[in-house]
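Read top to bottom, the protein sequences are chains W and C. In case it helps, the UniProt record's numbering puts the first sequence at residues 1 to 222. In case it helps, the UniProt record's numbering puts the second sequence at residues 1 to 222. See below for the structure under consideration.
Protein chains: 2
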Amino acid sequence: MRTLYHFWISPACRKVRLALDEKGLKFGLQIEKPWERRPNLLARNPAGEVPILVDENGAVLADSQAICEYLEETYEDVPLMAKDPIERAETRRLIAWFDHKFYREVTDNLVDEKIMKRLTKSGMPNTAAIRAGHHNIHYHLEYITYLVERRSWLAGEEYGLADIAAAAQLSSVDYLGDVPWDQHPAAKVWYSRAKSRPSFRGILGDNLPGMPAPKHYADLDF
Amino acid sequence: MRTLYHFWISPACRKVRLALDEKGLKFGLQIEKPWERRPNLLARNPAGEVPILVDENGAVLADSQAICEYLEETYEDVPLMAKDPIERAETRRLIAWFDHKFYREVTDNLVDEKIMKRLTKSGMPNTAAIRAGHHNIHYHLEYITYLVERRSWLAGEEYGLADIAAAAQLSSVDYLGDVPWDQHPAAKVWYSRAKSRPSFRGILGDNLPGMPAPKHYADLDF
Numbered sequence: 001m002r003t004l005y006h007f008w009i010s011p012a013c014r015k016v017r018l019a020l021d022e023k024g025l026k027f028g029l030q031i032e033k034p035w036e037r038r039p040n041l042l043a044r045n046p047a048g049e050v051p052i053l054v055d056e057n058g059a060v061l062a063d064s065q066a067i068c069e070y071l072e073e074t075y076e077d078v079p080l081m082a083k084d085p086i087e088r089a090e091t092r093r094l095i096a097w098f099d100h101k102f103y104r105e106v107t108d109n110l111v112d113e114k115i116m117k118r119l120t121k122s123g124m125p126n127t128a129a130i131r132a133g134h135h136n137i138h139y140h141l142e143y144i145t146y147l148v149e150r151r152s153w154l155a156g157e158e159y160g161l162a163d164i165a166a167a168a169q170l171s172s173v174d175y176l177g178d179v180p181w182d183q184h185p186a187a188k189v190w191y192s193r194a195k196s197r198p199s200f201r202g203i204l205g206d207n208l209p210g211m212p213a214p215k216h217y218a219d220l221d222f
Numbered sequence: 001m002r003t004l005y006h007f008w009i010s011p012a013c014r015k016v017r018l019a020l021d022e023k024g025l026k027f028g029l030q031i032e033k034p035w036e037r038r039p040n041l042l043a044r045n046p047a048g049e050v051p052i053l054v055d056e057n058g059a060v061l062a063d064s065q066a067i068c069e070y071l072e073e074t075y076e077d078v079p080l081m082a083k084d085p086i087e088r089a090e091t092r093r094l095i096a097w098f099d100h101k102f103y104r105e106v107t108d109n110l111v112d113e114k115i116m117k118r119l120t121k122s123g124m125p126n127t128a129a130i131r132a133g134h135h136n137i138h139y140h141l142e143y144i145t146y147l148v149e150r151r152s153w154l155a156g157e158e159y160g161l162a163d164i165a166a167a168a169q170l171s172s173v174d175y176l177g178d179v180p181w182d183q184h185p186a187a188k189v190w191y192s193r194a195k196s197r198p199s200f201r202g203i204l205g206d207n208l209p210g211m212p213a214p215k216h217y218a219d220l221d222f
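The structure is reproduced here in structure tokens:
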């Protein structure tokens, strides 16, 4: 049985869930709270982070991008990147943008301050960080707007890993109700197209007891 | 003419220089100071970051890992990753470790505080960050030791992108003289093997006016 060790609000984990579902690969989910640093977690990934995928062949894979590249090389029936190396480089540039730049400038400031600090009991949210996250998200939604005014999807004409990386980050922030969709209608249209794909059902079904999602979170017509 | 826009102390830029040299690909270097945010930089990479590679075919590529994957797909004569998807996933896990975890825990705390703040005139070095960098580097040198006690190189039996990513980070920190090599002899042996490769000559020749490298930096028998 293929198993993904994950934590539900983590955008890196959501990225792998979306990629697996998009490729039609069945998998079980195991919740792993990275801050508990369980010996089993560290044995599977010495970085102490999720996602970790244990594939059917027993391979233990860590890091969301290493996992997605592995899935791309191993399960080729539903490709999530173009074949041309220059188009692939563009996809990977955008993946890095959302995995790292968006994460650092937005998700880390909002999701980590508002949810992770509460879950890990590591202090009060930093209001300056939250303000920065709310400020920075406009720049990223404008960049998404710029891209989708020129292309069908973020990296080109096909839905793929760049969209998945971006949607994974945004879905985590959207769980807080912190995405100003109405001020960025073109980005909203792109997200609603991504969200309507069957691969999105899993993460739209997430709900933390005591920390419910806002009403629009799972609504396809938000 | 293939051109790499880079900044000399940036580990991400050093990673691409090492990969290009290892593959025997000729390139010109153009210095780009990202903090000046020149219009030409932003036109080539809206993230405003280096490295940026303009390949002979005119393709403009940004993000060090997107560039390295492109080189791997386009110039196959000297592979820097194994063929097997599981081994490639292990290489990519380690690349992410050094590009992001090592960078965040070590390089950012030492190189950015000691050199970048001075160059960009953005305040005094944060002594708590520098202390954290000095503390964290031991953990990473121990992890390198763990790996090379089990394998010839970091990701397996061949020198490749995991070694390049790690050596790029360490070479930046080593320019400050801040790597405690003598306390980690096995990691030192690995680094001296990497450093002795012809591909390393370029970055060992770097020298900033007014901020000279320590004597051992370019010494192959340090």
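Cβ coordinates follow ideal geometry from the N, Cα and C atoms, glycine included. The model shown is predicted, which means the values in this text are computed figures rather than measured ones.
> Of all the beta strand (DSSP E) runs that stay within the bounds of the UniProt domain "GST C-terminal" (84-213) of chain C, which reach a length of 3 or more residues?
Replying inline: none
> Thinking just about the alpha-carbon of each residue, which of K114(W), A89(W) and M124(W) is nearest to the one in G160(W)?
Replying inline: A89(W)
>> Beta-carbon within less than 7 Å of F27(W)'s beta-carbon, same chain only, minus the 5 sequence neighbours each way: which residues are those?
In response: R2, T3, L4 and L20
> Can you tell me whether W190(C) is buried or exposed, with buried defined as 16 or more other CB within 10 angstroms of its CB?
Replying inline: buried
> What number of angstroms, rounded off, separates the C-alpha of Y75(C) from the C-alpha of A218(W)?
Replying inline: 45 Å
>> To the nearest angstrom, how far is the alpha carbon of P214(C) from that of G177(C)?
In response: 6 Å
> Looking at chain C, which residues of the stretch 58-81 of chain W have a Cβ within less than 8 Å of any of its Cβ atoms?
Replying inline: A59, L61, A62, D63, Q65, A66, I67, E69, Y70, E73 and T74
>> Cβ closer than 7 Å: which chain W residues qualify as neighbours of I86(C)?
In response: A59
> For L18(W), which of helix, strand or coil comes out of DSSP?
Replying inline: helix
> In whole angstroms, what is the alpha-carbon distance linking L119(W) and L18(W)?
Replying inline: 24 Å
>> I need the boundaries of the alpha helix (DSSP H) containing A62(W), first residue and last residue.
In response: Per DSSP, A62(W) belongs to no alpha helix (DSSP H); it is in the beta strand (DSSP E), V60 to A62.
> Where does L41(C) sit, in a helix, a strand or coil, going by DSSP?
Replying inline: helix
>> Give me the chain C residues within the contact set of P34(W), using Cβ-Cβ distance strictly less than 7 Å, ordered along the chain.
In response: Within 7 Å Cβ-Cβ: nothing; P34(W) doesn't reach chain C, min ~13 Å.
> T127(C) to I9(C), Cα distance in whole Å?
Replying inline: 20 Å
> Which residues in the same chain as F222(W) place their Cβ atom closer than 6 Å to its Cβ, once the five residues preceding and following it in sequence are excluded?
Replying inline: H216
> According to DSSP, what are the bridge partners of Q30(C)?
Replying inline: Y5(C)
> Should A155(W) be flagged as near chain C, meaning a C-beta pair shorter than 8 Å?
Replying inline: no
>> Please return the same chain residues whose Cβ sits closer than 8 Å to the Cβ of L220(C), not counting the five positions on each side in sequence.
In response: S192, K195 and S196
> In chain order, what residues of the same chain have a beta carbon less than 7 Å from the beta carbon of G48(W), not counting five sequence neighbours either side?
Replying inline: P34, R37, L41 and L42
> If contact means a Cβ-Cβ distance below 9 Å, which residues of the stretch 20-47 of chain C contact chain W?
Replying inline: N45, P46 and A47
> Counting contacts by CB-CB distance shorter than 8 Å, is W97(W) in contact with chain C?
Replying inline: yes
>> DSSP three-state label for L220(W), please.
In response: coil
>> If you reduce the DSSP assignment to three classes, tell me which class L71(C) lands in.
In response: helix
>> Let's see if you can read the secondary structure: which residues bound the beta strand (DSSP E) around L53(C)?
In response: I52 to V54
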